[in-house]
Amino acid sequence: MTVLLEMNELLDTLEGGLRGVLEARGIDNPVLIGIRTGGVWVAEALGKRLGLSEPYGALDISFYRDDFSRIGLNPTVTPSSLPFDTEGRDIILVDDVIMSGRTIRAAMNELFDYGRPASIILATLIDLGARELPIQPDAAGQTLALAPRQRVKLRGPEPLTIELQESGQ
0 MTVLLEMNEL LDTLEGGLRG VLEARGIDNP VLIGIRTGGV WVAEALGKRL GLSEPYGALD
60 ISFYRDDFSR IGLNPTVTPS SLPFDTEGRD IILVDDVIMS GRTIRAAMNE LFDYGRPASI
120 ILATLIDLGA RELPIQPDAA GQTLALAPRQ RVKLRGPEPL TIELQESGQ
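Next comes the structure, spelled out in structure tokens:
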């Protein structure tokens, strides 16, 4: 049976992991960028916990996906919002769930269109470990191995909750 941690426990673990990475790398002024939609919600929660005063950014990677020509345009595409310069900055890139690594690759491609960051730290609430690309989070709230019919779904933004769903097949 797969057990999901409670949201505060997930955020506590993720925050602790991030603080450790920031300290080890000597980073004291990072900016947060969340990947729409769940990553933005998690970035907002992390920003409060980390005491970051700078506004966080939001990426919509719809046009950067490697399956864009196959699946078409998401009907809820919204522009990315980066209220700061990314050039030379230490960025904490946040997503709710990492599985294949393809979403993160798309997000990094978009980020580099805005400038060359000094570093990118990857933070995720849930790491499902089913990589297709060699992309690993620097900090995760929980690592899970799901059964074939299981999915993780983040709901929010208020309250921020996560649930394990079973598909019908």
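In this text, residue positions in the sequence shown follow numbering that gives the first Met the number 0: the first is 0, and each later residue adds one.
Glycine residues also receive a C-beta, built at the ideal position from the N, C-alpha and C atoms.
In this structure, the alpha-carbon of residue 118 lies about 14 Å from that of residue 17. In this structure, the alpha-carbon of residue 134 lies about 15 Å from that of residue 95. In the DSSP assignment, residue 103 falls within the alpha helix (DSSP H) that extends over 101-113. Within the same chain, Cβ atoms closer than 6 Å to the Cβ of residue 162 are found at 152, the five residues on either side in sequence being excluded. In this structure, 122 is the residue among 122, 114, 12, 84 with its C-alpha nearest to the C-alpha of residue 39. When DSSP states are grouped into helix, strand and coil, residue 58 belongs to the strand group. Rounded to the nearest whole angstrom, the C-alpha separation of residue 159 and residue 87 is 32 Å. One thing to note: residue 26 has its Cβ within 7 Å of the Cβ of residue 89. Assignment of residue 12 by DSSP, reduced to helix, strand and coil, places it in the helix class. Here the C-alpha atom of residue 56 lies approximately 4 Å from the C-alpha atom of residue 32. For the set 155, 156, 148, 157, the Cα lying nearest the Cα of residue 164 is the one of 148. The C-beta distance from residue 91 to residue 97 rounds to 14 Å, too long to fall under 8 Å, and the pair is not in contact.
From the listed residues 12, 114, 37, 81, the smallest Cα separation to residue 48 is found for 12. DSSP places residue 150 in no alpha helix (DSSP H) but in the uninterrupted beta strand (DSSP E) bounded by 149-154. Between residue 8 and residue 141, the alpha-carbon positions lie close to 9 Å from each other. Looking only at 4, 109, 44, 14, the smallest Cα-Cα distance to residue 81 is reached by 109.
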